[in-house]
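**Q**
Numbering (this note's numbering), first residue to last: 13 to 670.
(1) Between 424, 499 and 287, which lies nearest to residue 206 when the distance is taken from Cα to Cα?
(2) Helix, strand or coil: how does DSSP classify residue 5 here?
(3) Using only the alpha-carbon positions, how far apart do residue 362 and residue 230 sit?
(4) Taking the alpha carbon of residue 209 as the reference point, which residue from 600, 151 and 261 has its own alpha carbon closest?
(5) Figure out for me which residue from 297, 449 and 359 has the closest Cα to the Cα of residue 391.
(6) Does the stretch 501-519 come close enough to the stretch 634-646 that 3 or more CB-CB pairs lie under 8 Å?
(7) Classify residue 482 as helix, strand or coil using the three-state DSSP reduction.
(8) Are the stretch 484-504 and the stretch 405-420 touching, with three or more C-beta to C-beta distances below 8 Å?
(9) Near residue 346, what residues of its chain come up, given a Cβ to Cβ distance below 8 Å and the 5 sequence neighbours on each side ignored?
(10) Measure the CB-CB distance between residue 563 and residue 619 and report whether it falls below 8 Å.
(11) Out of curiosity, what's the CA-to-CA distance linking residue 457 and residue 517?
(12) Starting from residue 597, follow the beta strand (DSSP E) in both directions and report where the run begins and ends.
(13) Leaving out five residues on either side along the sequence, give the residues of the same chain with a beta carbon under 8 Å from the beta carbon of residue 500.
(14) Is it the case that the Cβ atoms of residue 77 and residue 97 are separated by a distance below 8 Å?
(15) What number of angstroms, rounded off, separates the C-alpha of residue 161 from the C-alpha of residue 203?
(16) Check whether the Cβ atoms of residue 572 and residue 544 sit closer than 8 Å, and answer yes or no.
(17) Going by C-alpha to C-alpha distance, which of 593, 605, 633 and 598 sits closest to residue 615?
(18) Kindly list the residues whose CB is nearer than 7 Å to the CB of residue 393, restricted to its own chain and excluding five residues on each side of it in sequence; keep chain order.
(19) Can you tell me whether residue 451 is buried or exposed, with buried defined as 16 or more other CB within 10 angstroms of its CB?
(20) Let me know if residue 662 comes out buried or exposed under the rule of 16 or more other beta-carbons within 10 Å of its beta-carbon.
(21) Leaving out five residues before and five after residue 710 in sequence, what residues of the same chain have Cβ atoms less than 6 Å from its Cβ?
(22) Going by DSSP, name the residue or residues bridged to residue 568.
(23) By Cβ distance below 8 Å, which residues in the same chain neighbour residue 589 in space, the five residues on each side in sequence not counted?
(24) Using the rule of at least 16 other Cβ atoms within 10 Å of the residue's Cβ for burial, across every protein chain shown, is residue 656 buried or exposed?
(25) Of the residues 515, 439, 265 and 523, which one's Cα is nearest the Cα of residue 449?
(26) Under a CB-based cut-off of 8 Å, is residue 176 close to chain B?
(27) So what does DSSP say about residue 458, is it helix, strand or coil?
(28) What is the DSSP secondary structure of residue 397, reduced to helix, strand or coil?
(29) Given that a residue counts as buried once 16 or more other Cβ atoms are within 10 Å of its Cβ, and exposed if not, what is residue 169?
(30) What does a CB cutoff of less than 7 Å around residue 420 pick up in its chain, not counting 5 residues either side in sequence?
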């Protein structure tokens, strides 16, 4: 029997797949199959609409050619038939353009839905390509504004803390080929992406605040269709600079906005049309010249308005549709009610149904922005003053709801972050919400924890319970036995739970903690800091934090392994004894069996030993990846030296010395 077969046989003896895991695998496969059907339908619909789009494009070209030929025929041969054909062709052209636009909009939405379905399927399959540097994924905005920063909204100062960059690196939150940001982020807009980026690194410390956010995430997770519809609306804002939108709504007015100016523009436009229609050509010529002069006077100001408000053609329509969705949603959780109010242009959730709906105001702005995209020759514009009327109206309508639009953008980032957390539960059913404990002793109970970046069907779950009976867990085991993976799994679960997200656990209970880790230490040549000194700084960060708070949960992987064995053991032991009296909770993974003497002793009843199980058969070692109580007993370093082919004199002498 080869090594792989022996390993599989051994794992079958020591491990089995509980029924709940089998059920979840079936659920995941059902989700994947359903999304595959959706993808196939969307692909077929996309092809059908692309054919229709091609047909209507050619039809527009043909009809437009007929119109041109009819005009030529009428002008050169004075053919009444040509004029009649031209008029009918123009009417037909307008109808074709109308239906072609409907087909094009359907095609855009179908393509967007296809992309989103493929991305959702990739998440269900746990097949995500990581962004090696999440910050490079941000859209580079051209201005700084609080609405674009993705800062906290409903979390007040003191209710949260920010995880340091070193700890985020330890836990693979943002960097590397596979990272948690890439796995969990489903925000479509730049403000949503930034907000979610900040969500991940800012756990909450107030139990009630965590519970409130959990309620919002759970409610959204139960409204998958709502999230899908919202993501479909926001998909078209991918890569768009929100700074352009903020610049437009915060820029000072450049046109007059008074009753006289509005009345004058309307009167001149109506007068030009009326005199022309009535056959008063002298009066029409006078009004026409006056209109031309008005256009010349306000030409630069109109150009500035059009430049400022060009972004409205991208943003106003999705915003109006999203506002209407929230207007009709009827969410129950406090956070979603507040967001509904913001999306409805209100400050209080109870006022959302009063007055004119905000989505209708946004719809008016969207229609004005669409009309502004239609090129209008000056020779025709001097009749109806369309550009001046549109510029005046969009500037006035937008400035009337400027504050509401800024609140809308902030709410958008919050909603997309909550939707990203809800999508974790929708796409990955093995994730569960932790029970957040408000009062009582510090507690962290984790069962069935699995690292998020390991395939669910291949992972081995583990658990641990920190309560009044356990303050420090000393975990021993060989390299690649599962220590580091378990430490990261628990740490990530704590962070996810404290941002209101589900964690990849079967069950979890905790009081809020400040998380600190020492897992992935590197030298810093630039800063002139050695590996060992970096470790000392991490430990100092823990002791400093313990001076101000006691709800610290700190994780150490091979502490002080950047120095000699004698001093390392002395420092480790002294550090553990200090932590034992500090009031926090700690995990230390180590190869040093000498440290296990601290655990399971009458002098330190809250310090306990654990190890990752290893089976040795001859020269072969097999890991079960199971966390077992007690210190490690099996050792494999000398056997590995023999197996890899070191000279016999070396491994035999090593066996004698050990």
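Virtual Cβ for every residue (Gly too), placed ideally from N, Cα, C.
**A** In this structure, then:
(1) Looking up residue 206 in the chain shown gives position 194. Among 424, 499 and 287, the Cα nearest to that of residue 206 is on 424.
(2) Since the displayed the chain opens at 13 and closes at 670, residue 5 lies outside it and no answer follows.
(3) Numbered from its first residue, the chain shown carries residue 362 at position 350. Numbered from its first residue, the chain shown carries residue 230 at position 218. Using only the alpha carbons, I get a separation of about 22 Å.
(4) What you label residue 209 is simply residue 197 of the chain shown in a count that begins at 1. Taking only the C-alpha atoms, the option nearest residue 209 is 151.
(5) If you number the chain shown from 1, residue 391 lands on position 379. Selected option, being the one with the closest Cα: 297.
(6) no
(7) Here residue 482 is taken as the residue at index 470 of the chain shown, counted from 1. It is coil, neither helix nor strand.
(8) no
(9) As a first step, residue 346 is located in the chain shown; it is residue number 334 there, counting from the start. Only 224, 227 and 228 meet the Cβ criterion.
(10) Sequence index remark: in the chain shown, residue 563 carries index 551 (1-based). Sequence index remark: in the chain shown, residue 619 carries index 607 (1-based). Not closer than 8 Å, so no.
(11) Working through the chain shown from its first residue, we reach residue 457 at position 445. Working through the chain shown from its first residue, we reach residue 517 at position 505. Their backbone Cα atoms lie some 10 Å apart in a straight line.
(12) Locating residue 597 in the chain shown gives position 585, where the first residue counts as 1. Its beta strand (DSSP E) spans residues 597-602.
(13) Position 488 of the chain shown holds residue 500. Hits under 8 Å: 182, 183, 184, 463 and 531.
(14) For the purposes of this step, residue 77 is identified with residue 65 of the chain shown, where counting begins at 1. For the purposes of this step, residue 97 is identified with residue 85 of the chain shown, where counting begins at 1. Against a cut-off of 8 Å, the Cβ pair of residue 97 and residue 77 comes out as no contact.
(15) Working through the chain shown from its first residue, we reach residue 161 at position 149. Working through the chain shown from its first residue, we reach residue 203 at position 191. Cα to Cα, the separation comes out at about 7 Å.
(16) One-based indexing of the chain shown puts residue 572 at position 560. One-based indexing of the chain shown puts residue 544 at position 532. Cβ atoms of residue 572 and residue 544: closer than 8 Å.
(17) Residue 615 sits at position 603 when you count from the first residue of the chain shown. The shortest C-alpha separation from residue 615 is found at 593.
(18) Translated into positions along the chain shown, residue 393 becomes position 381. Excluding positions up to five away in sequence, the list reads 307 and 399.
(19) Translated into the one-based positions of the chain shown, residue 451 becomes position 439. Its Cβ having fewer than 16 others within 10 Å, residue 451 is exposed.
(20) Counting from 1 along the chain shown, the entry for residue 662 is found at position 650. Exposed.
(21) What is shown of the chain runs 13 to 670, which leaves residue 710 out entirely.
(22) Numbered from 1 along the chain shown, position 556 holds the residue referred to as residue 568. Answer is 530 and 600, bridged to residue 568.
(23) In the chain shown, the residue the question calls residue 589 occupies position 577. Here the set comprises 610.
(24) As a first step, residue 656 is located in the chain shown; it is residue number 644 there, counting from the start. The residue is exposed, with fewer than 16 neighbouring Cβ atoms inside 10 Å.
(25) If you number the chain shown from 1, residue 449 lands on position 437. The residue with the shortest Cα to Cα distance from residue 449 is 523.
(26) Protein chain content of the structure displayed is limited to a single chain, and chain B is not contained in it.
(27) To locate residue 458, count along the chain shown from 1; it is residue 446. Residue state, collapsed to three classes: strand.
(28) Here residue 397 corresponds to residue number 385 of the chain shown, with the count starting at 1. Coil.
(29) Numbered from its first residue, the chain shown carries residue 169 at position 157. With a pLDDT of only 46 at residue 169, under the threshold of 50, the placement of this residue in the model should not be trusted; the figure read from the coordinates follows. By the 10 Å Cβ count, residue 169 comes out exposed.
(30) Residue 420 sits at position 408 when you count from the first residue of the chain shown. If we look at residue 420 and ignore the five residues flanking it on each side, its Cβ neighbours are 331, 354 and 355.
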